[in-house]
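Residues -21 to -1, 1 to 730 in mature numbering (1 follows the signal peptide of the UniProt record, and there is no 0) are what the sequence shown lists, from first letter to last.
Ideal placement from N, C-alpha and C gives every residue a C-beta, glycine not left out.
A short worksheet on the structure shown next.
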Amino acid sequence: MSKKTIQLLIGCWCCCSSVFAQTVIVTDDAAYTTGQASAALDVKSTSKGFLPPRMTAAQRTAVASPAEGLLVFQTDGTKGLYYYINGAWTILASGAGGSWSLTGNSGINSSTNFLGTTDSVSLRLRTSNTTRMSIDSVGNIGIGTLTPTQKLAVNGAIASTATTYPNYAYNSAFRMAFGESNVPANETGSVVQYGSGSSTRNMLFAFTKTNVNTSFFGNDGNQMMLGSESTRPITFRTGLVYSAANIMGSGTEIMRVSPTGVGIGVTDPANRLVVKDTLEIRHVAGVSQVLFSNTSGEGVGDFRIAGDGGDLFWQGGGGRALQMGSYHTTILGGDRQTATLPAFVSGSTLLNTGVLVKAQRDVSVALAIQPNSASQTANITEWRNASGTVMNAVAPTGYLGLGTGTPTAPLHVVGTNPVTLLGVQAGTATSTDSMLTISSGIVKKLPVSTFSTPGSSWSTTGNSGTSQTTNFVGTTSNVGLSFRTNNAQRMIIDSVGNVAIGTTAFDATNRERLLVDAGVTTSVNAIYAKGTVNNYFQMNIRNLSNGTQASSDYVATADNGTETTNFVDLGINGSGYAYQPGNPIETGQPNDCYLIGSGNDLYIVNNNVAKSTIFLVAGTAASNEAMRISPAENVGIATTSPTAKLDVGGTFKLGASGSVMNNIIKTSVSITDNTNITYTASLTKTATVTGANVNATVIVNPRTALPNGVSIAWSRVSAANTVQINFTNTGAGTFGNQVLGTVVFDITVIQ
């Protein structure tokens, strides 16, 4: 601009400064004379631009008493337009960006750069201009819901798959609950399945109390194991009084296993099996069996408990599977660190829930899942549909796949409508707001303060024309990605793909792929997964390794637990598993199931006073029942209605050298006979004993003394239900004669 033009502009400005209704025009277009009535200064040119005052950062900050709205261009440091607002200089735009690029940013600082909001406004992520995920102002994350009430709330199916899971995958302050709502009337309940692939670790529940030896409950596929590190007995009790000062000392003991044997109704068994009072073994129709053998091998010498009906069954041995079922919800709660029993839950309060994993203490991890090793290749967790197709997965990299089993990003969502975010707060389109864009599945943030949407940034109102293979929200350098709401960090993805929610303190030894820290909270749920499906609803833990130590395990660890103590482990061995002698936490053969406890006493409790504890083998049908413990504290083997402390409905054998027997029948009869029994003569009497068979062993004892000289010569089962007793006279009585009179006899028949 020439000096004349400048002089003219100054003259015009001076002339118009006192005229309020006029507009000052600066232009190189002689035809443009009117200007915009709403503008005090109208600059128009087709070949030149507006050049604001230029100064260094030091000069800009040295401006005395800058007015609100003052605009300058900084020539050093972070170059760009700066304007003065709210007592501070704010960059309007710079050549270096200041926003998240559609193709990633480099050179950022994870402690200061983040994707999120700095005020109490939720953050929403969209695809196809539809909200898919929300992080609210208090840090709750919602997937499929806009109103999350937990740290992570997912409305829809969730799948997780892994080869192994660290004992410390979750801080001990959490618990994990699995359930479903609005299940159709014909749905029998939810299912949580643990392990179905390769594994190297035995399934073991361990129960430990401080300063007391560990007890175990496990299965290696060949045997179901109850045990303890000490010589203390394993007891079975019913009628426990929850309000009692000593719950374990309340109720009635019906059975115990001690180093000297098994006692039913007795507390000091001196032999392998001691039963108080009546022992009844009764055979009934249907397939049922109990087999105890010390012969090892696949399919041989199994520990099997089966029956012809019921909710609970056990089976061990090579090539066998362990199944556990309950009439209502199966509740798993380890790491109680107390001798008292938990508050019992009525099954009717947990309808349509297959398994509930409930933390027993605020500092306990309810459910921990970890990979086998740093070289894990299979997914950590997978959720599959009824046909076995993977719907969702967590990869060894920590990537979460929704709608895909092969996630290639920390959150990889695939679907027609993959994400729905409801209830996200509306923005104000001010410099404190940010916009998110999704291009080809990649979410990015664009500050509203730029007042424009560069083609390489994510818009808060969404982007179009992006590519899911090239556009993403994240970093391109070795720096983690932080997510904030209300200017507080809520989630972080570190530079190697580990995800932390509510914390940044990963485990130094076994760094978690997904870490959730609810902190100090009144909520009982750390993670709540639910869905509605007319099929089994599961959480599947699968180790795809076929190594000699591979297993898939569900482990609950006490706060003082280690890799070998104070834990309970439910798992299945992998196809290539080989037992290592002396290993305290693994057992069994390939594909064996196990439940191992490494704590104190192991409790198996049915708190329903009207229901039995039932064991099945060889299938889930009612006809597969092998044993039950009734509410009357009777143990029934091969019978569904035991009437004695031990009631066996089939053959039995006592002792290693004992014989196989069918029945032991005991009855009493009164015999009256006044016939003279002459010296050296005999008298044979007949008694009816229902169930007695020919060739059985007969034991006859009189309740009172027999007349002098009269003795029992022999007794036998002469025919079905008929026992003959022969009496002789050895010479006593008048003239050598004697009469039997009336005598009550106890008759025992063993056959």
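Q | Nearest-angstrom Cα separation, counted from T592 out to N705 | A | Whole-angstrom Cα-Cα distance: 47 Å.
Q.
Once DSSP output is grouped into helix, strand and coil, what is the label at G567?
A. G567: coil per DSSP, three-state reduction.
Q) Should G578 and T319 be called a contact, given that it needs their Cβ atoms to be closer than 8 Å? A) Their beta carbons are not under 8 Å apart, which means G578 does not touch T319 by this criterion.
**Q.** C-beta contact flag for M112 and G118 at 8 Å
**A.** Going by C-beta atoms, M112 is not nearer than 8 Å to G118.
Q.
Assuming T257 and K624 are in contact, meaning their beta carbons sit under 8 Å apart, how far apart are those beta carbons, in whole angstroms?
A. 7 Å between Cβ atoms; contact.
**Q.** Simplified DSSP state of R39, which is helix, strand or coil
**A.** In this structure, R39 counts as helix in the three-state DSSP scheme.
Q: In angstroms with no decimal places, state the Cα-to-Cα distance between G402 and T110.
A: Between G402 and T110, the C-alpha separation is close to 9 Å.
Q. Using the rule of at least 16 other Cβ atoms within 10 Å of the residue's Cβ for burial, across every protein chain shown, is V475 buried or exposed?
A. It counts as exposed.
Q: State whether the stretch 686 to 703 contacts the stretch 632 to 643, with contact taken as three or more CB pairs (one from each stretch) at a distance under 8 Å.
A: Using a Cβ-Cβ distance cut-off of 8 Å, the stretch 686 to 703 and the stretch 632 to 643 are not in contact, since fewer than three pairs of beta carbons, one from each stretch, lie closer than that value.
**Q.** Euclidean distance between Cα positions of V584 and V324
**A.** The straight-line gap from Cα to Cα measures roughly 12 Å.
Q. F546 and A535: beta carbons closer than 8 Å?
A. Yes; because the gap between Cβ atoms is below 8 Å, this pair is in contact.
Q | CB of G197 within 8 Å of CB of L685, strictly | A | No, the Cβ-Cβ distance between G197 and L685 is not below 8 Å.
(Q) Give the list of continuous beta strand (DSSP E) stretches no shorter than 3 residues that lie fully inside the stretch 641 to 669. (A) Taking only runs of at least 3 residues, the beta strand (DSSP E) segments lying wholly in the stretch 641 to 669 are 643 to 652 and 661 to 667.
Q. Unbroken alpha helix (DSSP H) runs of length 4 or more, entirely within the stretch 539 to 600: which are they?
A. DSSP runs (the alpha helix (DSSP H)) wholly in the stretch 539 to 600: none.
(Q) Given the structure, does L50 come close to the ligand PLP, in the sense that its CB is under 7 Å from one of the ligand's heavy atoms? (A) Absent from the structure shown: the ligand PLP. Ligands present: none.
(Q) Which residue wins for smallest C-alpha separation from I114, given the options V702, T126 and A479? (A) In this structure, T126 is the residue among V702, T126 and A479 with its C-alpha nearest to the C-alpha of I114.
Q. From this set, A132, D341 and I608, which residue's C-alpha is nearest K509's C-alpha?
A. Selected option, being the one with the closest Cα: A132.
Q. Between I226 and I233, is the Cβ-Cβ spacing less than 8 Å?
A. No, the Cβ-Cβ distance between I226 and I233 is not below 8 Å.
Q: Please classify T383: does DSSP put it in a helix, a strand, or coil?
A: Coil.
Q) Tell me, which residues are paired with F724 by DSSP? A) The partner list for F724 (beta bridge, DSSP) reads V648 and P681.
Q: Taking only the alpha-carbon atoms, compute the straight-line gap between G670 and T246 and give it to the nearest angstrom.
A: A straight line joining the alpha-carbon of G670 with that of T246 spans about 32 Å.
Q) How about E361 and G384: do their beta carbons lie closer than 8 Å? A) Yes, Cβ-Cβ distance for E361 and G384 is below 8 Å.
Q: Please say whether A666 and I650 have beta carbons closer to each other than 8 Å?
A: Against a cut-off of 8 Å, the Cβ pair of A666 and I650 comes out as a contact.
Q | Top-ranked residue by Cα proximity to A223, from G312, A322 and D626 | A | The shortest C-alpha separation from A223 is found at A322.
Q. Helix, strand or coil: how does DSSP classify I226 here?
A. I226: helix per DSSP, three-state reduction.
Q: For V627, write down the residues that DSSP places opposite it in a beta bridge.
A: Per DSSP, I616.
Q: Please determine, among K645, G394 and T721, the residue with the shortest C-alpha to C-alpha distance to G123.
A: Among K645, G394 and T721, the Cα nearest to that of G123 belongs to G394.
Q: Taking only the alpha-carbon atoms, compute the straight-line gap between N613 and T309 and give it to the nearest angstrom.
A: About 23 Å.
Q. What are the partner residues of E604, as DSSP defines its beta bridges?
A. For E604, which the question treats as bridged, DSSP gives the partners L595.
Q.
According to DSSP, is T399 part of a helix, a strand, or is it coil?
A. In the structure shown, T399 adopts extended strand secondary structure according to DSSP, grouped into three states.
**Q.** beta strand (DSSP E) segment containing S413, residue limits
**A.** S413 to S418 is the span of the beta strand (DSSP E), which, as asked, contains S413.
Q. Across which residues does DSSP place H391 in a beta bridge pair?
A. Its beta-bridge partners are G380.
Q) In the DSSP assignment, what are the bridge partners of F451? A) F451 pairs with nothing; no bridge assigned.
Q) When DSSP labels each residue in this structure, what does A148 get in the three-state scheme? A) Residue confidence for A148 is low, a pLDDT of 37 falling below 50, so the modelled location carries little weight and cannot support an answer.
**Q.** Nearest neighbour of G673, chosen from G382, S620, P621 and I729 [CA to CA]
**A.** Here residue 673 turns out to be Val, not Gly, going by the sequence shown. Its Cα nearest to that of V673, the residue I729 stands out among G382, S620, P621 and I729.
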